[in-house]
Amino acid sequence: MDKNFYITTPIYYPSGNPHMGHAYSSIIADIFARFKRLEGYNVLFLTGTDEHGLKIQREAEKNKKDPKLFCDELSKKFKDLTKILNLTNDDFIRTTEKRHYKSVEEIWNRLVESGDIYLDKYTGWYSVSDEAYYDEDEIEEVNGKKISKTSGSTVDWVEEESYFFKLSSWSEKLLKYYKDNKDFILPLSRKNEVVNFVKKGLKDLSVSRTSFSWGVPVPKNKKHVIYVWLDALTNYISALNFPNIKDENYKRFWPANIHIIGKDILRFHAIYWPAFLLAAKLPPPKKVFGHGWILSDDRKMSKSLGNILDPIEIVKSYGIDQLRYYLVKEVSLGNDGSISMDNLKNCINNDLANNYGNLCQRVFSFIKKNCSNKIPNAKNFNDLDNRLLNQLKNNIPNLIKLMNNQNLNEFIKLVVSYSFDGNKYFNDMEPWTVKKDDPERMKVILFTICEQIKNISILLNSIIPKATERVLETMNVKQKNISINQINNLECFDHDKELKELDILFNKIENDN
Ligand code: MSP
Numbered sequence: 123m124d125k126n127f128y129i130t131t132p133i134y135y136p137s138g139n140p141h142m143g144h145a146y147s148s149i150i151a152d153i154f155a156r157f158k159r160l161e162g163y164n165v166l167f168l169t170g171t172d173e174h175g176l177k178i179q180r181e182a183e184k185n186k187k188d189p190k191l192f193c194d195e196l197s198k199k200f201k202d203l204t205k206i207l208n209l210t211n212d213d214f215i216r217t218t219e220k221r222h223y224k225s226v227e228e229i230w231n232r233l234v235e236s237g238d239i240y241l242d243k244y245t246g247w248y249s250v251s252d253e254a255y256y257d258e259d260e261i262e263e264v265n266g267k268k269i270s271k272t273s274g275s276t277v278d279w280v281e282e283e284s285y286f287f288k289l290s291s292w293s294e295k296l297l298k299y300y301k302d303n304k305d306f307i308l309p310l311s312r313k314n315e316v317v318n319f320v321k322k323g324l325k326d327l328s329v330s331r332t333s334f335s336w337g338v339p340v341p342k343n344k345k346h347v348i349y350v351w352l353d354a355l356t357n358y359i360s361a362l363n364f365p366n367i368k369d370e371n372y373k374r375f376w377p378a379n380i381h382i383i384g385k386d387i388l389r390f391h392a393i394y395w396p397a398f399l400l401a402a403k404l405p406p407p408k409k410v411f412g413h414g415w416i417l418s419d420d421r422k423m424s425k426s427l428g429n430i431l432d433p434i435e436i437v438k439s440y441g442i443d444q445l446r447y448y449l450v451k452e453v454s455l456g457n458d459g460s461i462s463m464d465n466l467k468n469c470i471n472n473d474l475a476n477n478y479g480n481l482c483q484r485v486f487s488f489i490k491k492n493c494s495n496k497i498p499n500a501k502n503f504n505d506l507d508n509r510l511l512n513q514l515k516n517n518i519p520n521l522i523k524l525m526n527n528q529n530l531n532e533f534i535k536l537v538v539s540y541s542f543d544g545n546k547y548f549n550d551m552e553p554w555t556v557k558k559d560d561p562e563r564m565k566v567i568l569f570t571i572c573e574q575i576k577n578i579s580i581l582l583n584s585i586i587p588k589a590t591e592r593v594l595e596t597m598n599v600k601q602k603n604i605s606i607n608q609i610n611n612l613e614c615f616d617h618d619k620e621l622k623e624l625d626i627l628f629n630k631i632e633n634d635n
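Taken in order, the sequence shown gives residues 123 to 635; the numbers are from the numbering used here.
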């Protein structure tokens with residue numbers, strides 16, 4: 123079987139500095155990408171920036187910059203963030219790249235050819251901030267201003283010549299697609315929202331604009347630029363060298379296994395995108411997962427609301443593994459979740475410093491003092507040793523399933539409980555007591571607990587890669603290809619080699635008050 127796996131983040135608007143919401147989508151995608159690699163998949167992980175449209179053009183004008191130069195500067199910040207967040211993306215796409223233009227033009231031509239595009243006039247509401255069209259019943263008036271009911275952003279009245287995509291003719295086919303592909307939209311609660319929306323019947327969609335120029339020109343009618351969402355969504359195949367569908371990357375990775383997105387852009391990914399693709403005679407992606415929002419002061423964190431937490435500052439102060447772990451432990455994936463500095467500190471102290479960090483540190487320092495700093499070899503496991511190891515081992519299929527179903531929270535809960543069990547086992551077995559009278563027993567205990575640490579480290583590797591790689595390196599576990607198969611493989615240690623030095627894994631955070 124071909125074990126290929128293609129995962130993407132949304133491509134971000136480089137209209138301002140990246141914030142925690144952007145970091146969140148990227149970290150989640152990175153965790154799944156890393157885990158698939160642990161499972162032995164050949165993974166392609168894509169992220170990037172979405173650089174066209176009126177929103178970017180206006181922001182560039184505000185800053186008195188040419189839009190391309192403006193995007194160059196801000197896109198670089200998003201690219202730099204991939205390093206700061208320790209992302210393993212294989213590619214970073216910008217919609218201002220040539221490879222992307224070629225791909226968007228081909229999609230457009232295919233839609234024209236299939237008879238899905240016609241010229242007319244758009245008259246209605248448009249939100250520049252969301253780059254979205256809204257119907258009358260989707261907006262409301264607050265303080266004399268018309269705003270979108272869902273996003274709260276201002277809408278403007280637009281009347282201009284526009285090309286339309288015959289979305290109305292795709293409702294039934296989309297509903298059939300959702301029915302035949304049960305996992306296409308996740309979580310399920312969001313699927314219902316989409317299905318109900320489509321059931322009401324879809325209207326044709328305006329897919330070009332004439333009142334500004336910052337975009338991909340419509341082939342054969344340069345007065346129009348292609349609607350930024352048709353442009354942006356295509357990035358997922360531009361990166362696979364579409365339109366060259368004979369290209370190795372396209373053949374291996376399309377349809378994508380999963381698009382990770384925020385719930386705010388589900389409609390674009392679960393309705394427009396599969397409709398465009400089906401009309402262009404291309405297969406839609408296999409799964410679209412819409413996660414919830416990161417809230418700050420109980421509101422969606424966003425530039426326009428001015429309630430932004432800067433991921434770079436948090437990484438500087440607390441560390442990247444700490445931020446990655448906190449975001450996925452505290453926010454239930456799929457739901458909205460508030461984050462706060464107090465919770466972050468508690469999470470670092472309780473789960474990382476006191477639990478996993480403490481387990482590693484105390485075991486390694488005991489081995490250093492009592493076993494010439496080498497993990498002893500041992501065979502005669504008793505029931506208690508087997509119970510500890512088997513509990514984790516027997517749950518591996520379930521843990522893999524949890525990750526593949528994007529049930530990150532349950533996954534973490536289980537792994538944290540194994541770390542807790544490891545600490546308890548170490549306390550209960552009291553190797554410090556048996557070392558004099560039964561050194562062989564002490565060796566079995568140490569081998570068992572090192573096995574447990576190794577297994578937990580592999581499981582946590584996709585979430586806290588830096589710390590777990592340090593631990594595995596300390597234990598001289600082969601580094602190149604950490605793999606799920608090393609779990610409960612009793613041959614991973616070199617018993618003649620001394621443990622490497624391990625500085626404190628996670629510093630405890632003192633509370634300011
Ligand atoms: N450019 C479009 C996406 C095109 S994808 C073909 C876009 N960009 S964005 O920069 O506004 O935001 C993209 C994504 O960032 C959201 O869908 C979401 O995944 C993430 N987040 C932005 N703010 C967020 C929160 N406050 N909380 C969690 N994630 C949010 O939309």
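In this text, a Cβ means the ideal position worked out from N, Cα and C, and glycines have one as well.
Cβ-Cβ distance between residue i and residue j below 8 Å
i: residue 144; j: residue 432; result: no
i: residue 588; j: residue 614; result: no
i: residue 538; j: residue 477; result: yes
i: residue 585; j: residue 450; result: yes
i: residue 319; j: residue 352; result: no
i: residue 473; j: residue 440; result: no
i: residue 522; j: residue 219; result: no
i: residue 458; j: residue 427; result: no
i: residue 153; j: residue 530; result: yes
i: residue 66; j: residue 410; result: As shown, the chain starts at 123 and ends at 635. That puts residue 66 outside it, with no answer to give.
i: residue 146; j: residue 172; result: no
i: residue 503; j: residue 570; result: yes
i: residue 252; j: residue 270; result: yes
i: residue 507; j: residue 566; result: yes
i: residue 609; j: residue 518; result: yes
i: residue 222; j: residue 126; result: no
i: residue 324; j: residue 293; result: yes
i: residue 179; j: residue 336; result: yes
Secondary structure of residue i, DSSP reduced to three states
i: residue 168; result: strand
i: residue 428; result: coil
i: residue 287; result: strand
i: residue 247; result: strand
i: residue 345; result: strand
i: residue 379; result: coil
i: residue 487; result: helix
i: residue 607; result: helix
i: residue 127; result: strand
i: residue 413; result: strand
i: residue 263; result: strand
i: residue 277; result: coil
i: residue 215; result: strand
Residue of the options minimising C-alpha distance to residue i
i: residue 243; options: 333, 391, 494 and 554; result: 333
i: residue 130; options: 361, 590, 551 and 570; result: 361
i: residue 548; options: 532, 497, 485 and 525; result: 485
i: residue 452; options: 482, 414, 480 and 481; result: 414
i: residue 326; options: 286, 355 and 358; result: 286
i: residue 363; options: 563, 201 and 213; result: 213
i: residue 636; options: 288, 255 and 373; result: This structure leaves residue 636 out entirely; the chain is present only between 123 and 635.
i: residue 373; options: 296, 382, 128 and 462; result: 128
i: residue 617; options: 568, 604, 582 and 610; result: 568
i: residue 468; options: 631, 515, 175 and 280; result: 631
i: residue 412; options: 422, 380, 394 and 232; result: 380
i: residue 189; options: 167, 208, 217 and 132; result: 217
i: residue 298; options: 245, 185, 430 and 400; result: 400
i: residue 483; options: 624, 524, 505 and 338; result: 624
Residue i CB to nearest heavy atom of the ligand MSP below 7 Å
i: residue 174; result: no
i: residue 155; result: no
i: residue 357; result: yes
i: residue 114; result: Only positions 123 to 635 of the chain appear in this structure, which leaves residue 114 out of reach.
i: residue 415; result: yes
i: residue 144; result: yes
i: residue 134; result: yes
i: residue 147; result: yes
i: residue 387; result: yes
i: residue 269; result: no
i: residue 422; result: yes
i: residue 354; result: yes
i: residue 383; result: yes
Residue i Cβ short of 7 Å to the ligand ADP heavy atom set
i: residue 552; result: As presented, the structure is devoid of the ligand ADP, carrying the ligand MSP as its sole ligands.
Neighbour flag for residue i against chain B, beta carbons, 8 Å
i: residue 155; result: The displayed structure is made up of one protein chain only, and chain B is not part of it.
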